[in-house]
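For reference, the structure is listed below as structure tokens.
There are 2 protein chains.
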Amino acid sequence: MTQKNRSLTLRDVSEASGVSEMTVSRVLRNRGDVSAATRDKVLTAAKELGYVPNKIAGALASQRVNLVAVIIPSLSNMVFPEVLSGISQVLEDTELQPVVGVTDYLPEKEEKVLYEMLSWRPSGVIIAGLEHTEASRAMLNASGIPVVEIMDTDGDPVDAMVGISHRRAGREMAAAILKAGYKKIAFLGTKMPLDHRARKRFEGFTEVLAKSGVEVVDREFYSGGSALAKGREMTEAVLERSPDVDFIYYSNDMIGAGGLLYLLEKGIDVPGQIGLAGFNGVELLQGLPRQLATMDACRREIGTKAAEIIAARVNDVEKEGQVTLAPTISFGDTLRGV
Amino acid sequence: MTQKNRSLTLRDVSEASGVSEMTVSRVLRNRGDVSAATRDKVLTAAKELGYVPNKIAGALASQRVNLVAVIIPSLSNMVFPEVLSGISQVLEDTELQPVVGVTDYLPEKEEKVLYEMLSWRPSGVIIAGLEHTEASRAMLNASGIPVVEIMDTDGDPVDAMVGISHRRAGREMAAAILKAGYKKIAFLGTKMPLDHRARKRFEGFTEVLAKSGVEVVDREFYSGGSALAKGREMTEAVLERSPDVDFIYYSNDMIGAGGLLYLLEKGIDVPGQIGLAGFNGVELLQGLPRQLATMDACRREIGTKAAEIIAARVNDVEKEGQVTLAPTISFGDTLRGV
DNA sequence: TATCGGAATGTTACCGCGATCAGTTGCGCC
DNA sequence: GGCGCAACTGATCGCGGTAACATTCCGATA
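Going line by line, the protein sequences match chains W and F.
Per the numbering used here, numbering of the first sequence is gapless, rising by one per residue and ending at 969.
Per the numbering used here, numbering of the second sequence is gapless, rising by one per residue and ending at 969.
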């Protein structure tokens with residue numbers, strides 16, 4: 632309680648406890664041999680003073696920073712908090728700590744955030760996506776630390792990568808939909824040219840449809856606003872425009888849920904008259920009147936695997952660096968099974 | 632591309648550009664007078680080498696760290712990402728940068744996270760809640776930096792605070808419910824003794840009911856799982872146990888939405904037979920078949936105000952440090968208006 | 001022409017800590 | 001009693017920058 636404005640240093644604790652700064656340092660880090668008596672003296676003094684070590688100085692001196700930069704496009708997507716939670720869970724058992732940066736899906740902002748984070752000399756980087764500016768890629772290369780690119784595996788990583796193939800996810804969903812006999816398929820998504828994963832899903836999706844001579848009969852994109860409400864509105868708009876649609880593929884579960892609620896209200900037979908599918912497998916949707924067909928994006932597992940790779944590499948342990956997880960389709964109640 | 636493992640320093644840039652390290656430092660920070668010619672030389676060299684400044688060293692030398700610690704209980708609550716976004720928005724216009732720590736509603740983890748963050752000597756702290764361990768409070772006090780406690784204003788802050796009165800929020804909702812003529816009121820919430828804000832809302836709620844001689848006829852608490860699904864289940868359970876319930880107050884919108892969906896499916900008249908209200912005003916719910924009554928928690932504004940206070944104090948600008956925002960009740964379609 | 005002043009650049013002294021190496025004890029043992 | 005080793009403690013240096021002060025250079029001024 633009694634401290635001047637200047638913040639405390641090892642020296643203060645050392646003076647208060649009558650030992651050298653070095654010994655205080657050892658006690659506080661649990662390194663090397665210190666007698667129980669001295670240890671107690673030091674700990675008491677430190678606690679009494681309310682001393683908090685200065686990691687800045689520590690990091691500079693030891694050339695070690697126990698931070699892992701985690702760079703993601705958004706926090707409001709629900710997907711990323713889940714990935715984060717997987718990362719945290721694994722890092723909790725190590726001395727490493729995640730630090731999050733958000734890019735808002737903007738490449739230039741990503742570059743800025745990356746620069747900022749690298750300037751703290753973290754022990755590793757986990758970054759969403761495989762698409763980065765050339766400068767970002769160069770920084771990652773030059774950083775000399777382990778880098779794991781997550782979410783997506785359709786492309787070439789700088790170093791390691793963990794994710795699913797969104798192209799394949801799109802393909803599989805298309806195949807399932809065709810197999811169930813739907814023919815007039817619409818696609819509803821986000822207006823985000825920079826969301827490469829959504830784009831790849833769409834590409835995979837149309838690719839398979841095309842092979843069967845099917846084309847997406849209608850599509851609509853939104854941005855901003857409540858996803859649930861947008862799902863509703865877009866679904867309504869599509870049905871008005873293309874009343875013969877018999878399947879709607881949504882680029883995420885949230886708008887899918889909005890669509891589902893809308894159709895049920897209108898008394899439309901789901902999945903008889905119209906089938907639906909989303910993407911992500913968000914837990915939240917378990918409470919819907921009907922279970923939306925979706926595809927698990929392995930969010931948590933992506934986080935844990937990525938963190939494990941970082942943790943291993945930081946300790947110079949070799950570890951497979953290209954992990955492609957297999958998303959599983961969940962038919963729910965809105966996509967006729969085989 | 633051509634770099635050894637050792638990371639670059641000012642010296643490398645200085646040698647590459649033929650000027651002193653000090654001059655390089657000045658160029659890179661845009662400080663002091665440097666001739667255009669030298670500036671160009673330095674910038675070129677820096678870019679060519681791919682030099683990224685070491686903030687650790689810089690921070691140690693300058694005793695300035697442009698980080699603001701933001702400590703929140705959870706990221707999966709949707710409430711906090713929104714607060715965060717308010718914070719980021721304001722800090723974006725300053726040189727400050729938020730760094731997030733998550734406590735999982737555990738006081739000891741909060742203490743640990745706080746300690747960890749303070750050891751990086753941030754310029755300010757924004758921390759959720761007014762309840763902290765004694766040690767945490769001591770650390771905040773001793774840190775000598777601006778501290779803003781957010782979300783809640785029912786209590787005494789260490790320094791500054793921004794939020795709403797959850798007690799009052801509970802009271803107002805109770806008053807509105809009574810005024811609308813409901814009598815058999817149930818409460819459904821989370822099993823989180825450590826969520827002090829939910830607790831305070833509940834206290835305010837029952838306090839007002841008590842004044843009118845009304846008691847909560849039933850209550851139920853959940854933990855874990857999909858909030859939407861839990862809202863469903865709990866609502867079902869309550870109706871079974873207490874069929875004469877005519878109002879259900881949910882501690883958050885998500886479970887409220889689950890309850891709403893359940894009741895609508897059962898063909899129960901909402902708000903005729905049973906009225907509903909939640910808490911938070913989450914945007915997400917705008918897509919529900921009926922608009923759930925709720926109360927806006929001013930999440931984004933809490934973030935911006937808190938960040939503004941930090942930004943002001945960091946620059947030694949005086950600024951009112953006790954901000955109580957007024958949440959507004961939104962009747963929606965599930966609470967009869969007056 | 002000698003002096004002055006400001007712009008441009010360099011030098012020095014740390015910032016707070018940890019790696020390293022150098023003592024200093026105490027103790028068992030021959 | 002002296003030796004060797006283990007257990008403990010301390011002194012020094014430097015991590016990569018920046019603040020503060022010192023210096024150089026040059027044109028303007030009297």
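All residues carry an ideal CB built from backbone N, CA and C; glycine is no exception.
Check	Outcome
Inter-residue spacing [alpha-carbon to alpha-carbon] between proline 684 of chain W and leucine 641 of chain W	7 angstroms
Where serine 754 of chain W meets chain F, residues with beta-carbon distance less than 7 angstroms	Residues of chain F passing the Cβ test: none, with the nearest at roughly 12 angstroms.
Residues that arginine 850 of chain F bridges to, as DSSP identifies them	F:Phe818
For leucine 698 of chain F, the first and last residue of its enclosing beta strand (DSSP E)	698-703
Straight-line gap, glycine 732 of chain F to serine 750 of chain W (C-alpha atoms, nearest Å)	20 angstroms
Sequence-distant residues of its chain with Cβ nearer than 8 angstroms to threonine 935 of chain F (five each side left out)	Gly717, Ile718, Gln720, Val721
Close Cβ partners of lysine 831 of chain F (< 6 angstroms) along its chain, the five nearest in sequence each way excluded	Asp785, His797, Arg798
Close Cβ partners of glutamate 739 of chain F (< 8 angstroms) along its chain, the five nearest in sequence each way excluded	Thr764
Spatial distance of isoleucine 758 of chain W from glutamate 780 of chain W (CA atoms)	5 angstroms
Interface residues of chain W facing valine 696 of chain F [CB-CB closer than 8 angstroms]	Ile687
Test: serine 626 of chain W CB closer than 8 angstroms to a CB of chain F	Beyond the ends of chain W as shown, which are 632 and 969, falls residue 626 of chain W; an answer cannot be given.
Helix, strand or coil at alanine 928 of chain F according to DSSP, with G and I counted as helix	coil
C-alpha gap between leucine 727 of chain F and methionine 823 of chain W, whole angstroms	28 angstroms
8 angstroms Cβ shell around valine 730 of chain W - same chain, five flanking residues per side excluded	Leu698, Val699, Ala700, Val701, Met748, Trp751, Pro753
Where methionine 865 of chain W falls: helix, strand or coil (DSSP)	helix
Partners in chain F for glutamine 728 of chain W, counting only beta-carbon separations shorter than 8 angstroms	Glu747
Closer than 9 angstroms at the beta carbon, the chain W residues around valine 683 of chain F	Tyr746, Leu749, Ser750, Arg752, Met770, Ala773, Ser774
Contact check, valine 869 of chain W vs alanine 829 of chain W, beta carbons under 8 angstroms	no
7 angstroms Cβ shell around serine 666 of chain F - same chain, five flanking residues per side excluded	none
One or two residues paired with leucine 907 of chain F in a DSSP bridge	F:Ile879
Proximal residues of chain W, C-beta to C-beta of alanine 690 of chain F below 8 angstroms	Ile687
Simplified DSSP assignment, three categories, for lysine 635 of chain W	Note on lysine 635 of chain W: pLDDT 46, under 50, position unreliable in the model; no value is reported.
Straight-line gap, serine 638 of chain W to proline 958 of chain W (C-alpha atoms, nearest Å)	51 angstroms
Chain F contact for serine 645 of chain W (CB, 8 angstroms cutoff)	no
Residues of the segment 843-876 of chain W with Cβ closer than 9 angstroms to any Cβ of chain F, in chain order	Gly856, Ser857, Ala858, Leu859, Ala860, Lys861, Gly862, Arg863, Glu864
Any 3 or more C-beta pairs closer than 8 angstroms across the segment 894-907 of chain F and the segment 841-851 of chain W	no
Where glutamate 949 of chain W meets chain F, residues with beta-carbon distance less than 7 angstroms	Within chain F, no residue comes near glutamate 949 of chain W; the closest Cβ sits about 17 angstroms away, beyond 7 angstroms.
Reduced DSSP category for proline 729 of chain F - H, G, I as helix; E, B as strand; rest coil	strand
Distance between valine 789 of chain F and asparagine 772 of chain F (C-alpha atoms, nearest Å)	7 angstroms
Pick from F:Thr821, F:Pro920, F:Gly801, F:Gly889 that is closest to glycine 862 of chain W, judged by C-alpha positions	F:Pro920
Chain-ordered chain F contacts of glycine 889 of chain W [CB-CB under 8 angstroms]	Gly918
Spatially closest choice to leucine 916 of chain W from W:Arg657, W:Met709, W:Thr675, W:Ala938, by CA coordinates	W:Met709
Cβ-based neighbour list, alanine 860 of chain F, same chain, cut-off 7 angstroms, excluding 5 preceding and 5 following	Gly889
Span separating the alpha-carbon of isoleucine 933 of chain F from that of phenylalanine 910 of chain F	16 angstroms
Against chain F: residues of the segment 891-920 of chain W by CB proximity under 9 angstroms	Leu892, Tyr893, Leu895, Glu896, Val913, Glu914, Leu915, Leu916, Gln917, Gly918, Leu919, Pro920
Burial state of alanine 924 of chain F (16 or more Cβ within 10 Å)	buried
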